[in-house]
Amino acid sequence: MSITSVTTQPIEGQKPGTSGLRKKTKVFMGPHYLENFVQAVFNAIGGVEGKTLVLGGDGRYFNERAAQVILRMAAAGGAARIITGQNALLSTPAASNLIRRRRTDGGIIMSASHNPGGPEEDFGVKFNTPNGGPAPEDVTGRIFDETKTLTSYKILEAGDVDIASPGERMLADMVVEVVDPVSDYAELMGELFDFKAIRELFASGFTMRFDAMHAVTGPYAKSILEGALGAPAGTVMNDVPLPDFGGGHPDPNPVWAKPLVDLVMGADAPDFAAASDGDGDRNMILGRGVYVTPSDSLAILAANAHLAPGYAGGLAGIARSMPTSRASDRVAEALNIPAFETPTGWKFFGNLLDAGRATLCGEESAGTGSDHVREKDGLWAVLLWLNILAVKRMSVAELVAEHWARFGRDYYSRHDYEAVDAEAATKLMADLKAAGPELAGQTFAGLTVSNVDEFGYTDPVDGSISSSQGMRIFFTSGERAVFRLSGTGTVGATLRVYLEKPEPDPEKQNLDAQDALSELITVVDDIAGISTRTGRDAPDVRT
Ligand code: VG1
Ligand code: CO
């Protein structure tokens, strides 16, 4: 088998975003596009000679084709071994786990996560470092630099490797080790949680629905929930991963997982319900008659994590992304442990986790995780909820009410304006930044602005600085609004507006979130001119 050095030239726009490089699938399938990016990753980490990498993806359209290309490029670069899931399937947290357990030199994850999949939709590639986490900004910066100077890439001339069944195969001098994508991950979950208590919970008649949204968590959820934990068959819905996720957005939120939300709000509601996203790192938590916001879920998990064996020794600290509500900060305060506020994106939690300063992390975008891997982990969050419910034997609604009574509630919602004109969105952000200093002290419809700032972050572990991470408007009565532009979209710009209002009084904690936030929503539109500038009279998504 011979190695070809293919002449290429830099392709514009291969800058990794919040979570790797995401583009339309057709773009990725275009000449040299995937190859250029993969070679840039290899170059940025000093080559792959003699190295062992993990490779896997969420099964979306182009997953296996891309995997075969990456395998041939790794072999051409002299890699010693690639560990991949059967059919190149691995959920993001399972990939993170394999990278860590097998002490590899990192891994490549093929996913555009919660973005839809298919020939007309999205594809993505990201690199995770040997700690199992998404490459931090210095590494993604080096990858981007490489994409700008690349003139050739190396690829082995060979046919496809059989990755349909577990086992070891050779590709030139490289070992391709195909593993069952679920087993190592399931073993880890069994170490963290009290499976016996959860089995007893199911045996007692507790009912659950898990919506895998035709994405990668299907096989994991089936094996763990219906297999190891004895939940009745049919507990896991939409469990077969499909290349186009059945035509939907594999995004577990009240808009894209509406059928599940309708189910828990209806007469035949199960006790508990959950959903995960394309690559299995997000989670949505529901109970009979209730939707638990991701920010509340993080706070509730943090307050009760000690009930699960893996966290019985307590937490070192709690980290949340800046737009995530401040609910978990109050839990940290009560537990007398540090609370960290990071920019959006899981890569910013890596240092805190590695340094042992945070144990639990979370994002308002339905991401929750812990130091067990270095990615957010959808099924992990579901199992921690189950473990807590198995110990406390109360309903989700009761647990949430108990939490709010003790810690206060934060009414919370994110409004997304998708695929808006990029220039208009950038201008909105710039104008808000410029107007910031004048806004302080002004009153809009009864709400007085206390201050406006642009969030920047200095990593407490390595001192690295990330600036321009979103505009924040604080009000004297405690409300907060955050503005950010998405770094995962593939069309135009997506404006995210995060709205939050603390309510300590249990008598006033039972409003609908949109109603409770209605004043703030109007005021924020007034201040930033969202509807006039975007030409939209309502957001595309409200979480
Ligand atoms: C979004 C979320 C962010 C999350 C990221 C990746 O980023 O806001 O919290 O970490 O997606 O999630 P952005 O830049 O579009 O706001 V996933 O499940 O796509 O790996
Ligand atoms: Co995801």
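The numbering of the sequence shown is UniProt numbering, which starts it at 1 and goes up by one. Ideal Cβ placement from N, Cα and C applies to all residues, glycine included.
Determine the direct distance from the alpha carbon of ARG209 to that of PRO119, and round the result to whole angstroms.
-> Rounded to whole angstroms, PRO119 to ARG209 spans 30 Å at the Cα level.
Fully enclosed by the region 242-295, which alpha helix (DSSP H) runs are 4 residues long or longer?
-> Listed in chain order, they are 258-265.
Length of the line joining the Cα atoms of GLY310 and GLY106 | One Cα belongs to GLY310, the other to GLY106, and the distance between them is close to 25 Å.
Inter-residue Cα distance where the pair is ALA257 and GLY367 | If you draw a straight line from the Cα of ALA257 to the Cα of GLY367, it comes to about 15 Å.
Where DSSP assigns a beta bridge to LYS501, which residues make up the other side?
-> According to the DSSP secondary-structure assignment, LYS501 is paired through a beta bridge with TYR411.
Is any heavy atom of the ligand CO found at a distance shorter than 7 Å from the C-beta of ASP122?
-> Answer for ASP122: no, Cβ out of range of the ligand CO.
Where does ALA319 sit, in a helix, a strand or coil, going by DSSP?
-> Taken through DSSP and simplified to helix, strand or coil, ALA319 comes out as strand.
C-alpha gap between VAL161 and THR235, whole angstroms | Distance between the alpha carbons of VAL161 and THR235: 35 Å.
Just mark ARG103 as buried or exposed, buried being the case when its beta carbon has 16 or more other beta carbons within 10 Å.
-> With a 10 Å radius around the Cβ and a threshold of 16 neighbouring Cβ atoms, ARG103 comes out exposed.
Whole-angstrom distance between SER204 and THR488, CA atom to CA atom | Rounded to the nearest whole angstrom, the C-alpha separation of THR488 and SER204 is 42 Å.
Output the distance between the C-alpha atoms of GLU418 and VAL497, rounded to the nearest integer angstrom.
-> One C-alpha to the other measures close to 11 Å.
Secondary structure at ASP160, three-state DSSP: helix, strand or coil?
-> Residue state, collapsed to three classes: coil.
From what residue to what residue does the beta strand (DSSP E) around LYS23 run?
-> It spans 21-24 - the beta strand (DSSP E) in which LYS23 sits, taken as one unbroken run.
Chain-order list of residues whose beta-carbon lies under 6 Å from that of LEU298 (same chain, five-residue window excluded) | Excluding the 5 residues flanking it on each side, LEU298 has same chain C-beta neighbours closer than 6 Å at SER328, GLY362, THR368, in chain order.
Out of PHE127, LEU156, VAL491, state which residue places its alpha-carbon closest to the alpha-carbon of ALA172.
-> From the listed residues PHE127, LEU156, VAL491, the smallest Cα separation to ALA172 is found for LEU156.
By how many angstroms is the C-alpha of GLY492 removed from the C-alpha of VAL420?
-> Using only the alpha carbons, I get a separation of about 6 Å.
Say whether the region 463-475 touches the region 288-302, bearing in mind that this needs 3 or more beta-carbon pairs closer than 8 Å, one atom from each stretch.
-> With a cut-off of 8 Å, the region 288-302 and the region 463-475 do not count as touching, because too few Cβ pairs lie within range.
8 Å Cβ cutoff met for SER91 and TYR220 = Closer than 8 Å, so yes.
May I ask whether a heavy atom of the ligand VG1 can be found less than 7 Å away from the beta carbon of GLY345?
-> Yes.
Rounded to whole angstroms, what's the CA-CA distance from SER223 to GLY356? Just pull it up for me.
-> Going by the C-alpha atoms only, they are around 31 Å apart.
Is any heavy atom in the ligand SAH found nearer than 7 Å to the beta carbon of SER370?
-> The ligand SAH is absent from the structure shown, which contains only the ligand VG1 and the ligand CO.
Enclosing beta strand (DSSP E) for GLY350 [first to last residue] | Here GLY350 belongs to no beta strand (DSSP E); instead the alpha helix (DSSP H) covers 350-354.
Less than 8 Å between the CB atoms is what I'm expecting for ILE108 and ILE70, so what's the real figure, rounded?
-> Rounded, the Cβ-Cβ distance is 6 Å, consistent with contact.
If you scan the region 182-223 from start to end, which runs of the alpha helix (DSSP H) of 4 or more residues do you find wholly inside it?
-> Whole alpha helix (DSSP H) segments, 4+ residues: 183-192, 195-203, 217-221.
Reference ILE3, options ASP138, ALA75, ASP58, closest by Cα = Of the listed residues, the one whose Cα sits closest to ILE3 is ALA75.
Minimum length 4: unbroken alpha helix (DSSP H) runs contained in the region 82-145 = Taking only runs of at least 4 residues, the alpha helix (DSSP H) segments lying wholly in the region 82-145 are 92-101.
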